[in-house]
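My numbering puts the first residue of the sequence shown at 2, with every later residue one more than the last.
Positions of the beta carbon are idealized from the N, C-alpha and C atoms, including for glycine.
Computed from a predicted structure; not experimentally measured.
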Amino acid sequence: MAPGPISIIRSTDVVRVVHSPADASLAADRLRPNGPVVMVPTMGALHDGHVSLIQRAHSLGASVVVSIFVNPLQFGDKADLAKYPSDIDRDLAACRDANVDLVWAPSVDHMYPSGFATRVTVSGVSEPYEGRHRPGHFDGVATVVTKLFSVIRPDVAVFGAKDFQQVAVIKRLAIDLGLPVTIDVAPTVRDHDGLALSSRNVRLDPLARTQALAIPRSLRAASSAWQSGVRGRGELEAIVTAELVDLDVDYVAVVDPSTLSERTNDTGSVVVLIAATVGDVRLIDNVVLG
Ligand code: PAF
Numbered sequence: 002m003a004p005g006p007i008s009i010i011r012s013t014d015v016v017r018v019v020h021s022p023a024d025a026s027l028a029a030d031r032l033r034p035n036g037p038v039v040m041v042p043t044m045g046a047l048h049d050g051h052v053s054l055i056q057r058a059h060s061l062g063a064s065v066v067v068s069i070f071v072n073p074l075q076f077g078d079k080a081d082l083a084k085y086p087s088d089i090d091r092d093l094a095a096c097r098d099a100n101v102d103l104v105w106a107p108s109v110d111h112m113y114p115s116g117f118a119t120r121v122t123v124s125g126v127s128e129p130y131e132g133r134h135r136p137g138h139f140d141g142v143a144t145v146v147t148k149l150f151s152v153i154r155p156d157v158a159v160f161g162a163k164d165f166q167q168v169a170v171i172k173r174l175a176i177d178l179g180l181p182v183t184i185d186v187a188p189t190v191r192d193h194d195g196l197a198l199s200s201r202n203v204r205l206d207p208l209a210r211t212q213a214l215a216i217p218r219s220l221r222a223a224s225s226a227w228q229s230g231v232r233g234r235g236e237l238e239a240i241v242t243a244e245l246v247d248l249d250v251d252y253v254a255v256v257d258p259s260t261l262s263e264r265t266n267d268t269g270s271v272v273v274l275i276a277a278t279v280g281d282v283r284l285i286d287n288v289v290l291g
């Protein structure tokens, strides 16, 4: 049977953009015969960190699909949603330059049409840290990621390690629902001064940006302490917290990387998780030790 029509709003030499879930699904199906389809879910405001995810996606499969959707469900604070940076033309140019095969940029109505009443909740790993400070955030992430996956049906999806807890939630989601997708995790990309790349960084004024460097500095201090044999949770948390005195810290946690729970003894690797606000910009970062 001949494939049905696809409404493509923009078509340059190398990037195709679709909007509706039906068009996205059909366009992804057309890529499937070429080999594994690798998806990079994003909320746009693409930066070099996203480009590294896209490059990694190219190395993992035959076709790369990028979704661009600022998901209102994952923003409890509507002011935060309103401030989230967005520049679709710039994003499309970045996707074109990175040889993305398909961009799916749905509207809110496409994703959550009138009557939409489903929420996906991952309990346990989503509850502490970001879950406590941003109630409902991970329900929003789990709901949108489930929908993104069910429309595109990617073989692999690539996420950034900076969002450590998000990755843990999405891995749990994929296992629990038996989603036929491999979750791949790409290393955090940092600026020359160590700050983890984030779409939110554009909102840091020069003073806040300088203050924000306390975050990577604190993670380096934790790594050095670890290398010199420090293993205690309290000691590591104190070393990190000491660097963050000028920031409004939500949490500093030294936990088991696979469960995000406190270790019962001082053996095995740990992840140091940080969330702090600088100016009015909330940043997260982490480092795995051991
Ligand atoms: O990490 C993000 O950009 C978002 O949380 C995601 C995974 C695209 C879901 O909206």
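9 Å Cβ cutoff met for residue i and residue j
| i | j | result |
| --- | --- | --- |
| residue 282 | residue 213 | yes |
| residue 101 | residue 22 | no |
| residue 174 | residue 147 | yes |
| residue 71 | residue 58 | no |
| residue 25 | residue 68 | yes |
| residue 227 | residue 161 | no |
| residue 241 | residue 220 | yes |
| residue 107 | residue 20 | yes |
| residue 137 | residue 77 | yes |
| residue 209 | residue 279 | yes |
Beta-carbon contacts of residue i that lie in its chain and below 7 Å, excluding the five residues immediately before and after
| i | result |
| --- | --- |
| residue 165 | 272, 274 and 287 |
| residue 48 | 198 and 200 |
| residue 142 | 75, 167 and 170 |
| residue 93 | 11, 16, 18 and 104 |
| residue 65 | 39, 41, 55, 58, 59, 101 and 102 |
| residue 262 | 256 |
heavy atom of the ligand PAF below 8 Å from residue i C-beta
| i | result |
| --- | --- |
| residue 52 | no |
| residue 77 | no |
| residue 70 | yes |
| residue 171 | yes |
| residue 150 | no |
Close Cβ partners of residue i (< 6 Å) along its chain, the five nearest in sequence each way excluded
| i | result |
| --- | --- |
| residue 250 | 277 |
| residue 122 | 140 |
| residue 51 | 43 |
| residue 204 | 282 |
Rounded distance between the beta-carbons of residue j and residue i, thought under 8 Å
| i | j | result |
| --- | --- | --- |
| residue 126 | residue 170 | 6 Å |
| residue 61 | residue 39 | 5 Å |
| residue 53 | residue 190 | 5 Å |
| residue 233 | residue 257 | With a Cβ gap of about 14 Å, residue 233 and residue 257 do not count as contacting. |
| residue 99 | residue 56 | 7 Å |
| residue 186 | residue 155 | Between residue 155 and residue 186 the Cβ distance is about 15 Å, and since that is not below 8 Å, they are no contact. |
Same chain, Cβ closer than 8 Å to residue i, five either side skipped, listed in chain order
| i | result |
| --- | --- |
| residue 217 | 191, 194, 195, 196, 197 and 286 |
| residue 36 | 62, 63 and 64 |
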